[in-house]
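> Using the working numbering, read the sequence shown as starting at 2 and increasing by one per residue.
Backbone N, C-alpha and C fix where the C-beta goes; we use that ideal spot for every residue, glycine too.
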Amino acid sequence: IEKPPANASKEEYHAYLVRLQEHFAREDAAAAAERARQAASAPQSTIPAFVWETVERLRAQAAARRARERAESEASYRKALAAWLGDASAEKAGCCA
2 IEKPPANASK EEYHAYLVRL QEHFAREDAA AAAERARQAA SAPQSTIPAF
52 VWETVERLRA QAAARRARER AESEASYRKA LAAWLGDASA EKAGCCA
């Protein structure tokens with residue numbers, strides 16, 4: 002997703018933030034669909050419990066990483082938007098949250 006230029010309007014920057022959130026939502030949906038597909042294709046009874054525990058731990062780590070990346074990205078763009086607007090009003094209002 003291409004970041005808007007420094008001289009972009011407030012509306013363009015807001016549209017960018019919306020596109021970024023939609024991108025993260027699609028990424029989360031794709032990950033959930035992949036987990037469901039994997040769970041449906043492998044019968045649990047044939048796979049040892051420790052393997053499932055490891056898989057679940059890795060899934061939780063991946064979900065935490067995606068959430069952390071999303072939060073960091075959203076925070077940095079809110080801060081950039083607030084700096085671009087010349088005040089912290091966008092950050093205080095939770096713009097595009």
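Throw me the rounded Cβ distance for the PRO5 and TYR17 pair, which I believe falls under 8 Å.
Along the sequence shown, one-based indexing puts residue 5 at 4. Along the sequence shown, one-based indexing puts residue 17 at 16. That pair is a contact at about 5 Å.
> If you run the structure through DSSP and keep just helix, strand and coil, what is ALA9?
Here residue 9 corresponds to residue number 8 of the sequence shown, with the count starting at 1. Coil at ALA9, not helix or strand.
> Can you tell which of ALA9, ASN8, HIS24 and ARG36 has its C-alpha closest to the C-alpha of ARG60?
Counted from its first residue, the sequence shown places residue 60 at position 59. Closest option to ARG60, Cα to Cα, is ARG36.
> Can you tell me which of the three DSSP states GLU3 falls into?
Mapped onto the sequence shown, residue 3 falls at position 2. Three-state DSSP puts GLU3 in coil, outside helix and strand.
> Check the C-beta distance from LEU21 over to SER74 and give it rounded, since I have them as a contact under 8 Å.
For the purposes of this step, residue 21 is identified with residue 20 of the sequence shown, where counting begins at 1. For the purposes of this step, residue 74 is identified with residue 73 of the sequence shown, where counting begins at 1. About 7 Å separates the two Cβ atoms, so the contact holds.
> Under the rule that 16 or more other beta-carbon atoms within 10 Å means buried, what is ARG58, buried or exposed?
Numbered from its first residue, the sequence shown carries residue 58 at position 57. Exposed is the call here.
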